[in-house]
Amino acid sequence: MIAVERRVELQTLKRMLNECMTDGRTVALVTGPGGVGKTELLSGFSGYAKNIGALVLSASGARSGQAHCLDVLAQLFRCIELSAETGERIERLLASQESGSRDFSLSACAVDELTAILLDAADGRPLVLAVDDAQYADPASLQVLFRVLRRLASSPVVAVFSEWRIFSSRPPLVLAEFIKQPYFHLLSLEPLSLCGVTDWLRQRRLGEASAERLAPSFLAATGGSPLLLQALLQDQGHGFDECGSGDVVSVSAMDEVLTGDHFKVAVEACLHRWDPQLLDVARGLAALGAPASAAVLVRLLKSERRTVVEALNALAGTGLLRSGWFCHPAARAAALSGLDGEELAALYERTALLLHSDGAVPSEVAERLVAAGGIAERWSVDVLRNAAWQVLREGNPSRAAEFLEVAQQACGDARERAEVMGELARVLWLVKPAAVTSLLEPLSALLKDGSLADRSIVALSTFLAWQGRADEAAIVLERVGAQEDEFDLTGAAELTLARQWIRWVVPLPLKGTDGADEATTARCAEATAECESWSDLVKSAEQVLQCCRIADALPVTVLSALLVLTFDNRLDDAQRWCEALGPEAEAHQAVAWVAVLAAVQGLVAVRRGDLADAERHSCRALTAMPQHNWGAALGLPLSCLVHATTAMGKMDEAEMLIKEALPQVHRNPFWLHFLHARGRFYIESDRPYAALADFQTCGRFLAGSVLDLPNFVPWRSGLAEAWLRLDDSLSAKAVLDDQLRMANAGDRRVRGHSLRIMAATLKNPARAFMLRDAVQVLLESGDRLELAMALADSSDAELECGNLSEFRLSAHQAKQMAKMCGAVALYRRLQNSDGAEEQGDTPLQKGIHRFALLSEAERKVAALAVQGRSNREISRTLFITMSTVEQHLTKTYRKLGVSSRLGLPVELSLVGPADH
0 MIAVERRVEL QTLKRMLNEC MTDGRTVALV TGPGGVGKTE LLSGFSGYAK
50 NIGALVLSAS GARSGQAHCL DVLAQLFRCI ELSAETGERI ERLLASQESG
100 SRDFSLSACA VDELTAILLD AADGRPLVLA VDDAQYADPA SLQVLFRVLR
150 RLASSPVVAV FSEWRIFSSR PPLVLAEFIK QPYFHLLSLE PLSLCGVTDW
200 LRQRRLGEAS AERLAPSFLA ATGGSPLLLQ ALLQDQGHGF DECGSGDVVS
250 VSAMDEVLTG DHFKVAVEAC LHRWDPQLLD VARGLAALGA PASAAVLVRL
300 LKSERRTVVE ALNALAGTGL LRSGWFCHPA ARAAALSGLD GEELAALYER
350 TALLLHSDGA VPSEVAERLV AAGGIAERWS VDVLRNAAWQ VLREGNPSRA
400 AEFLEVAQQA CGDARERAEV MGELARVLWL VKPAAVTSLL EPLSALLKDG
450 SLADRSIVAL STFLAWQGRA DEAAIVLERV GAQEDEFDLT GAAELTLARQ
500 WIRWVVPLPL KGTDGADEAT TARCAEATAE CESWSDLVKS AEQVLQCCRI
550 ADALPVTVLS ALLVLTFDNR LDDAQRWCEA LGPEAEAHQA VAWVAVLAAV
600 QGLVAVRRGD LADAERHSCR ALTAMPQHNW GAALGLPLSC LVHATTAMGK
650 MDEAEMLIKE ALPQVHRNPF WLHFLHARGR FYIESDRPYA ALADFQTCGR
700 FLAGSVLDLP NFVPWRSGLA EAWLRLDDSL SAKAVLDDQL RMANAGDRRV
750 RGHSLRIMAA TLKNPARAFM LRDAVQVLLE SGDRLELAMA LADSSDAELE
800 CGNLSEFRLS AHQAKQMAKM CGAVALYRRL QNSDGAEEQG DTPLQKGIHR
850 FALLSEAERK VAALAVQGRS NREISRTLFI TMSTVEQHLT KTYRKLGVSS
900 RLGLPVELSL VGPADH
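The sequence shown runs contiguously to residue 915 in numbering that gives the first Met the number 0.
Shown next, in the form of structure tokens:
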């Protein structure tokens, strides 16, 4: 099917054929880039000529046939139905001279005889000679054809040649022969325009609207080449909705055209069929990865400038290039196909050397080095390392890991290889901590060789510990213990936090083992025997966090630092650092960092009693990073999620988490967090014996150890609640006395919930008095859930004592606090209790009337202070300065007649900024 924009040329050829009957011989040369439709035009004209009774003889030049003398001429004569005698006669004529020379020519008699054979075959009919790709025809055939045409001056003959003259160094044989002749016609074809592509698509039975909508995309991908258009249309077949009659009436929505095998094969076929110089230039351009000047390609290909320039122009004419670059990525991929591994690697190696010498950015050079499989030279290692940090900052850690893997292979120096491998481990950890496993053995081997630097040794120990190999991690840390004095402040802090991490993940010995687990635990304890005070750990945590950069930090030591702050009740600081590091982790697409920070935020939310936030952050932690990547730390996010879902009344979800996740939890101190959360689930499910077993397991492993701190795992509180469910108040009181004795004097959270549970061992009115103390302590702790539970217990105690006003106030406050922190089950229980206020002014209402003395700003600050928020947290919540917070609190104390925040009425937390 001839395109609309080719019909003028086709009509010209038809007219030539019609006029040759009276005017005699006529010659046409069709020129244009490859794939522009020259062959299709000759085929359409030949078909027309056959239909009107002309004798059509066709031939085609080929690069492979140029060495075969008279190959094109032989093709023409094979189109004639000849007798055996005439065939032998033609073969004898074509072989009448030696054909070794390119200047071969037949004798005049032989040309006359061949001319006579042609006329006899035509038998008075018009004769059409069609030679496609004349630029590849052997010169001898063309010379003989020219001589034949001179002899057919008065005969009805039409000779049509198609040619694509790419390089100016090649002689234009056809054009030179006929350019001055009046019977010569020069027809130039160009790629289809937008209108031409639209018409072309319309001819393929696409509706008007579909053709107009698709035409710009098709033109952009093919440059208007009919050959590529046809291939691209075949690849779109599944995107068309065909009606019953076969006409395409609509096209499914496509942001851009799809390219498949047809398009790729068409591009490959063209490049391999055309001149080799075009393929070389296309491959060089593809390897460079961006538009390049002719000068750059000349250096890369070691070719002549004129050849490169003309090749670029020729490729642009075919539609493969636009503005110096491939019209479609599939065309670039097709250009590189056909090269074996060694050839492709050599091309990329030359490209990398060229880009490096021209001062290209490291990532561009590194892309070629990776494609080449690396170059064992020092400069390539430096480029790959710099490129890794460049793409890491741009948020592509996976690509950074590829660069570092190739750099590692190219390293010739053992120490440098150790540095690169350490960098690779840190980058891999950003995306998938489990992937670091494959590097642990090589890094351990480098450690034995003495090639690892001190910081890399610390990193190796943390990675081993993350995988649950705490005994090996402890042994590794012994290698740097002797040089600890040589560490700078940050390095010493990282070492301290690495030791603490090992203490948190050391495997716990299982009951009934043969002693191997106990030996492992003992080795780890010995290697980390020097236990820093919490003040030293907090100092180290601040040092590490203040110097932290996601791209270069030791991730496990940063997690350790955040946990130190959290377990030390510095929840505001831990939250602040998580929020500060979060955007950087997101920008780097460091999913492991995102997950770890979310896990810490989940733990902070649990300790604040913000159940919705705890659930959200913990879910995000486990979604961003699958469970198998959490290694020894899996118990941390799981315990927070189980705790949150249990307290929110989502018992089915909590039970599912417990059943599905338990087999993957490493049995280490973080596993005890999980056991504690599971014990809480059993308490709420009224399964006290199961809860008792979990809390006793925690106690068996922690009692007497350096980790037996109430703020790490408050297992004694859970154990006491289990004993109380079993009506054993004496055992409950005993463990709570131990916990209060061990608790830090300033740890209001542990003290508050210990008093709350202890109160259950007493009878009223002592129970009511102790619960009042618990409420006052928990108001300063910041744990809303524990405060809500203490208020709920207090309301029950006050009701039993007959203190109805205090009962109503506590019940109302408990209900509001439970609603605030998301404790749905507790809220429903309180909602169903008889705690509704009677008519008239209750103590709550009277207290609220007193608060009218406070300004709106003072009420906001005071309400947050009663909830246990620190001055710093209040300032961040309300977006005011610390000084302003202190001033508002001072005025509030004076107006309400109290001396400190301890004296602020608890009902302040229920008063909003409106003027009640």
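The C-beta atom is built at its ideal place from N, Cα and C for all residues, glycine as well.
Problem set entry | Rounded C-alpha distance that separates T760 from L718 | 13 Å
Exercise. What does a CB cutoff of less than 6 Å around S638 pick up in its chain, not counting 5 residues either side in sequence?
Worked result: H672, F673, A676
Exercise. Name the DSSP beta bridge partners of E162, please?
Worked result: T30
For this session: Pick out whichever of A464, A375, L439 has its Cα sitting closest to the Cα of L558.
Result: A464
Exercise. If you drop the 5 nearest sequence neighbours on each side, which residues of the same chain put their C-beta closer than 6 Å to that of C577?
Worked result: L596, V599, Q600
Exercise. In three-state terms, what does DSSP make of L186?
Worked result: strand
Problem set entry | Same chain only: Cβ atoms within 8 Å of C410, ignoring 5 sequence neighbours per side | V380, R416, V419
For this session: Using a threshold of 8 Å, state whether the C-beta atoms of A286 and L352 are closer than that.
Result: no
Exercise. If we call anything under 8 Å between Cβ atoms a contact, is P361 one with Q588?
Worked result: no
Problem set entry | Boundaries (first-last residue) of the beta strand (DSSP E) holding S57 | 54-59
Exercise. First and last residue of the beta strand (DSSP E) that includes L126?
Worked result: 126-131
For this session: Spatial neighbours of A434 within its chain, please: CB distance less than 6 Å, with the 5 preceding and 5 following residues excluded, ordered by chain position.
Result: L427
Exercise. For the candidate residues G259, A289, L72, A53, whose alpha-carbon lies nearest to that of L232?
Worked result: G259
For this session: Within the same chain, show all residues whose beta-carbon is closer than 8 Å to that of A48, passing over the 5 residues directly before and after it, in chain order.
Result: L16, V55, P125, V127, V157
Problem set entry | Continuous alpha helix (DSSP H) assignments of at least 4 residues falling wholly in the segment 330-374 | 340-356, 361-371
Exercise. What alpha helix (DSSP H) runs, 4 residues minimum, are completely inside the segment 652-709?
Worked result: 668-683, 687-701
Exercise. Are the CB atoms of H67 and D137 nearer to each other than 8 Å?
Worked result: yes
Exercise. Of all the CB atoms in chain B, is at least one closer than 8 Å to the CB of E720?
Worked result: Any reference to chain B falls outside this structure, which holds one protein chain only.
Problem set entry | Residues of its chain near E8, where Cβ-Cβ distance is below 8 Å and the 5 sequence neighbours each way are ignored | V29, L40, L186, L188
Problem set entry | Sequence-distant residues of the same chain with beta carbon closer than 8 Å to L725, five excluded per side | P687, Y688, L691
For this session: Mind the definition here: the segment 624-636 touches the segment 815-834 only if three or more C-beta pairs lie below 8 Å; say whether that holds.
Result: no
For this session: Give the single residue among L507, K538, F486, C269 whose Cα lies nearest to the Cα of D470.
Result: L507
Problem set entry | Extent of the continuous alpha helix (DSSP H) to which V457 belongs | 453-465
Exercise. Does DSSP put V897 in a helix, in a strand, or in coil?
Worked result: coil
Problem set entry | Expected contact under 8 Å - CB spacing of G34 and T317 to nearest Å | 5 Å
For this session: With a cut-off of 8 Å on the beta carbons, I'd call L296 and A281 a contact; round off their distance for me.
Result: Not quite, the Cβ-Cβ distance comes to about 10 Å (not below 8 Å), so this is no contact.
For this session: Inspect the CB distances between the segment 814-825 and the segment 637-656 and report whether three or more fall short of 8 Å.
Result: yes
For this session: Determine the contact status of V110 and V147, defining contact as a CB-CB distance below 8 Å.
Result: yes
For this session: Measure the C-alpha to C-alpha separation of V390 and R331 and round it to an integer number of angstroms.
Result: 23 Å
Exercise. Smallest Cα separation from E363: which of P290, E422, L335?
Worked result: P290
Exercise. Taking DSSP as the reference, what is the three-state secondary structure of F325?
Worked result: strand
For this session: Between the Cα of Q958 and those of L640, R384, S874, spot the shortest distance and give me the residue it belongs to.
Result: The requested residue 958 is not part of the displayed model; the chain covers only 0 to 915.
Exercise. According to the neighbour-count rule (16 or more other Cβ atoms, all chains shown, within 10 Å of its Cβ), is K814 buried or exposed?
Worked result: buried
For this session: Name the two residues that bound the continuous alpha helix (DSSP H) containing G46.
Result: 37-50
Exercise. Beta carbon of L403, beta carbon of L429: below 8 Å?
Worked result: no
For this session: Could you tell me how far apart the beta carbons of L790 and G751 are, in whole angstroms, since I believe they sit closer than 8 Å?
Result: Between G751 and L790 the Cβ distance is about 11 Å, and since that is not below 8 Å, they are no contact.
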